[in-house]
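The sequence shown begins at 1 in my numbering and counts up one residue at a time.
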Amino acid sequence: MRAPLRPGTLTLRNAQVMDRAGVFVADHDVVVRDGVIESVAPAAGPVTGESLDLTGLWLMPGVVDCHAHLACFEEDTLRYLSMSTSRWALECAGSAARLLDQGVTFVRDPCGADAGVRDGIHAGLVPGPTTQVAVSALSQTGGHGDGHLPGVGLEASNGFLMHEYPGRPPYLADGVDDVRRAVRLIVRAGADWIKICTTGGLLSPGHDHPDVPEFDADEIEAIVREATRAGKPVMSHAYGGSGLTDAVTAGVRSIEHGARLSEEQAALMARRGTFLVPTLSVLHELVRLRDDGAVSESVAAKVSEVEPLIGEAVRVARAAGVPIALGTDLTEQVGNLAEIAYLHRAGLTPQEALLAATANGAELCGQSDVRGRLEPGLIGDAIVLAADPSDPEVFLERRNVVGVIQGGRVHRWSAEPERRTRP
1 MRAPLRPGTL TLRNAQVMDR AGVFVADHDV VVRDGVIESV APAAGPVTGE
51 SLDLTGLWLM PGVVDCHAHL ACFEEDTLRY LSMSTSRWAL ECAGSAARLL
101 DQGVTFVRDP CGADAGVRDG IHAGLVPGPT TQVAVSALSQ TGGHGDGHLP
151 GVGLEASNGF LMHEYPGRPP YLADGVDDVR RAVRLIVRAG ADWIKICTTG
201 GLLSPGHDHP DVPEFDADEI EAIVREATRA GKPVMSHAYG GSGLTDAVTA
251 GVRSIEHGAR LSEEQAALMA RRGTFLVPTL SVLHELVRLR DDGAVSESVA
301 AKVSEVEPLI GEAVRVARAA GVPIALGTDL TEQVGNLAEI AYLHRAGLTP
351 QEALLAATAN GAELCGQSDV RGRLEPGLIG DAIVLAADPS DPEVFLERRN
401 VVGVIQGGRV HRWSAEPERR TRP
């Protein structure tokens, strides 16, 4: 399933086009027919049909965000708890539309949005990136995903991202039999991925910590085995320690965050082909929130412990040859494309950072044969920039993205109107 493709032809003229190595090649035309790239070739003069004149502009594939919560739209806990399910679904749709506006044309939601949100986007009911969902983040009782509020005796998911309604699959499970059943229920709910928490985290209540392993090895192996039987890959929230090692050994497809990644763990990930999604954006945002006094004392203490490590996992992973894909753990607070600049600051070359945001994310999400590069036969998802993306710092300014194309349709265009020609 995917967001709708646009019938007809769109020619993106005279662009500096990103190639499969992350290098920009000048004066090329990209022709998109019926939503799919038909050709990428040196500029050939006048064209017929709809076109965009991209002279002096840069064209790259649409960004793939492998870790963005569409349900992360509200900082007021009371509003989350009192929100109706219909309002929650519409808020998720709003998050999706704003992601697409930024230039994110594909998103993997690691928990929060459910299959209905995904299917509504793909049916064209609302604008948004092509979406994969994990529906629930599976955690042990008292683990990172447990948002239990003892004062009022309320059971809730961490962050209240997973709105409760009849039929919602579980987010807490304990023991091999229980986790196996939980995976089956999440699959039944239409999940594309299984998300598990194998260490504590930063935003979870004070009862857990990023250094603490969660789920034992038998439980993690049972989860991965059951997910594999159902044809679903597994992602693991893990900061480091034995929880990260157990997840990689069991066969998860990606590690989310990984701030305490060791050289030995990176070597294991490289051997297993496990991706790292380092989510630097949310770490920078949490430092800002801590400095503004906007988080609890327990969260602030954990953020202060992790702050010196921001970016270190990227350097360790790169040195070991671990594939790295972009993920933000945000939707719009600081701009999701800023992650490209953060990856570069952490040690990736500009080309590596651009590939982490495009081709690598497509590979992680099983989409390499349909997206992630500007090549014939792939879906025509692209963004247009007014500043040279060979300097990743340009992604810190949202205004530098002047055009978003999804499936051959111009979703947003803020460059000069005269550059656009319609039949």
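In this text, a Cβ means the ideal position worked out from N, Cα and C, and glycines have one as well.
For residue j and residue i, the rounded distance between their alpha carbons
i: R98; j: G128; result: 8 Å
i: V316; j: E264; result: 10 Å
i: D34; j: A41; result: 18 Å
i: V17; j: P323; result: 23 Å
i: P4; j: A300; result: 42 Å
i: A137; j: A191; result: 11 Å
i: R181; j: G112; result: 20 Å
i: L348; j: G56; result: 26 Å
i: G403; j: W58; result: 10 Å
i: G116; j: S82; result: 21 Å
i: V107; j: V252; result: 19 Å
Residue i vs residue j beta-carbon contact at 9 Å
i: T199; j: G243; result: yes
i: G258; j: L276; result: yes
i: L202; j: V314; result: no
i: P389; j: P417; result: no
i: L326; j: V64; result: yes
i: A387; j: M60; result: no
i: I194; j: A247; result: no
i: G120; j: A71; result: no
i: V384; j: L100; result: no
i: A338; j: G311; result: no
Environment of residue i [buried if 16+ CB atoms lie within 10 Å]
i: S236; result: buried
i: T85; result: exposed
i: Y239; result: buried
i: V303; result: buried
i: Y342; result: buried
i: A26; result: exposed
i: A294; result: exposed
Own chain partners of residue i with C-beta closer than 7 Å, once the 5 adjacent residues on each side are dropped
i: T141; result: L172 and D174
i: G377; result: V36 and I37
i: D19; result: V25
i: A270; result: A320, G321 and V322
Reduced DSSP secondary structure (H/G/I, E/B, other) of residue i
i: N336; result: coil
i: C92; result: helix
i: L424; result: With the chain covering 1 to 423 only, the question about residue 424 has no answer from this structure.
i: Q16; result: strand
i: I194; result: strand
i: G120; result: helix
i: R420; result: strand
Own chain partners of residue i with C-beta closer than 6 Å, once the 5 adjacent residues on each side are dropped
i: A356; result: I324, A325, L326 and L343
i: L268; result: V248
i: V394; result: A387 and N400
Cβ neighbours of residue i in the same chain (closer than 8 Å, five flanking residues each side left out)
i: T11; result: D29, V30, V31, V32, V47, G49, E50, S51 and L52
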